[in-house]
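Engineer:
Numbering (full-length UniProt numbering), first residue to last: 1 to 200.
1) Hey, quick one: how far does the beta strand (DSSP E) through residue 169 stretch, first residue to last?
2) Helix, strand or coil for residue 96? Go by DSSP, reduced to three states.
3) In chain order, what residues of the same chain have a beta carbon less than 8 Å from the beta carbon of residue 65, not counting five sequence neighbours either side?
4) For residue 146, name the three-state secondary structure that DSSP assigns.
5) Suppose you measure from the CA of residue 120 to the CA of residue 127; what does that come to, to the nearest Å?
6) Taking the Cβ atom as the reference point for each residue, do residue 23 and residue 42 lie within a distance shorter than 8 Å?
7) With DSSP run on the structure shown, which of helix, strand or coil describes residue 23?
8) Apart from the five residues just before and just after residue 54, which ones in its own chain have a Cβ nearer than 7 Å to its Cβ?
And the structure:
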């Protein structure tokens, strides 16, 4: 199953990926009544996982048309992860959920998902409104956080240092610093001619 939502709580039509070569009609949920403001999309793959061509097809035919005309758009995607509904499996040991029942349960759950819960997810993750400090540092992987800090510091330092077209030599930099130091000292201004200072 693959789907998405935006920070305003608008839900995308879900994609159900079944294991197999083809999607059969008897696997599809019957979304009867006017309660559903979406249609389910279906695909099949050899392992029942979303594969590259299925992903691109969903992006092209479902996600992009759902975005509307406003730009720019940021798509946040967490990568591949397999999620298993452990509770249902514990209650139904040795039983497989029929594909049609799964599709219907998914549609019903997605229909009932409150947009305020979706908005809260974006807020609590710090995605919208943006808040880089919403997740406590102790929740991060320590090594990954150190790499992030180092990279951020390097990028900040690089962005605050102008890159001259013709960089000065070390001698020119030292003379400049020395002259600036002398110029800021009143006694030095009275007793020395800073323009004549030269380092060899």
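The beta carbon of each residue, even a glycine, is placed where N, CA and C say it ideally should be.
Structural biologist: With the given structure in hand:
1) No beta strand (DSSP E) contains residue 169, which DSSP labels as neither H nor E.
2) coil
3) none
4) helix
5) 10 Å
6) yes
7) coil
8) 17, 43 and 45
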